[in-house]
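In short: position in the sequence shown from 1, add 797, done, that's the numbering used here.
A virtual CB, placed ideally from N, CA and C, is assigned to each residue, including glycine.
These figures come from a predicted structure and were not determined experimentally.
Notes for the one structure printed next.
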Amino acid sequence: MTLTAPAPALPLFDTVAYEPALEPLDPEVPSGEESGLLEGDPPPGGAGAEALPPPSVAGAPVGGTADGDAAGNRAAAGNRVAAGSRAAGSRAAAGAVAGPRRREHERTVAARRRAELIVRTALEVLDGRRPVRHLAPYAAPEVLRYVSAGVPRRGRAGTGGASLRSLHVSLPARADAEVAAVCRFGSRVRALAARLELTGRGEWRCVALRVI
């Protein structure tokens, strides 16, 4: 049978009604062991301490970065100005080329409109439906004489429904236009040729006309 020795009784402590006073701290700089520094480590802020970069102000870069960014911004602005200048030059060159083409197109359109008006009026005069004077504002005197000679005489039947079938206008020169048309006089199909000239007032005038 094994006997177990009883556990020793723990000493009892008296309860105190006050806390012991703390010893005042030594105002001197603590030693290396107390301050957490080992022997041989450089003290904070000493000659061996590594210099930290100065804190940056919000919105401003540290050190010389501001000058670099400013130079980069100026270079980017210069590139944008140069690109805008090149684009403006390209547009100006395109406009210089498009200007003559636009004016040529406008002359061609005006010549075609006037040619169609002259040919239709001449056909109606030849058909007896209009007097010759309606053609006078657009045609030279020799054209008026030619058309008047083809007007049906009194008592003669007209051609019966003269009409324009097709019209083609070309500008061999800046102030000249050539007209080729296909016309129908009743049951007959005839060709018509005319020549227009641009006057000093910017109007096209018929100087020659023939029915072939």
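Going by CA-CA distance only, name the one from the options that's closest to residue i.
i      : options                           : result
ARG992 : GLU913, GLU903 and ARG871         : GLU913
ARG985 : VAL944, ARG962 and ARG1007        : ARG962
GLU939 : ILE1009, ASN870 and ALA1005       : ALA1005
ALA988 : PRO897, LEU920 and ARG926         : LEU920
THR781 : ALA959, GLY896 and GLU903         : With the chain running from 798 to 1009 in the structure shown, residue 781 is simply not present.
ALA970 : ARG926, GLY925, ALA908 and ARG883 : ALA908
ALA946 : ASP924, ALA972 and LEU964         : ASP924
ARG981 : SER882, ALA872 and LEU964         : LEU964
At the level of alpha carbons, what is the spacing between residue i and residue j?
i       : j      : result
GLY833  : ARG877 : Residue placement at GLY833 cannot be trusted, given a pLDDT of 48 that sits under 50; what the coordinates show is reported in the next sentence. Going by the C-alpha atoms only, they are around 59 Å apart.
ARG1007 : TYR935 : 15 Å
ALA974  : SER967 : 6 Å
LEU941  : ALA884 : 54 Å
ALA873  : GLY997 : 54 Å
CYS1003 : GLY983 : 25 Å
ARG898  : ALA879 : 29 Å
VAL944  : VAL929 : 8 Å
Identify whether residue i lies in helix, strand or coil by the three-state DSSP scheme.
i       : result
ALA972  : coil
GLU1000 : coil
ALA937  : coil
ALA959  : coil
SER967  : strand
ARG926  : coil
VAL986  : strand
VAL979  : strand
Are the beta-carbon atoms of residue i and residue j separated by less than 8 Å?
i      : j      : result
VAL948 : VAL922 : yes
GLU994 : ALA972 : yes
Could you give the C-beta distance for residue i and residue j, rounded to a whole number, given that I count them as a contact under 8 Å?
i      : j      : result
VAL979 : ALA990 : Incorrect: roughly 11 Å between the Cβ atoms, too far for contact.
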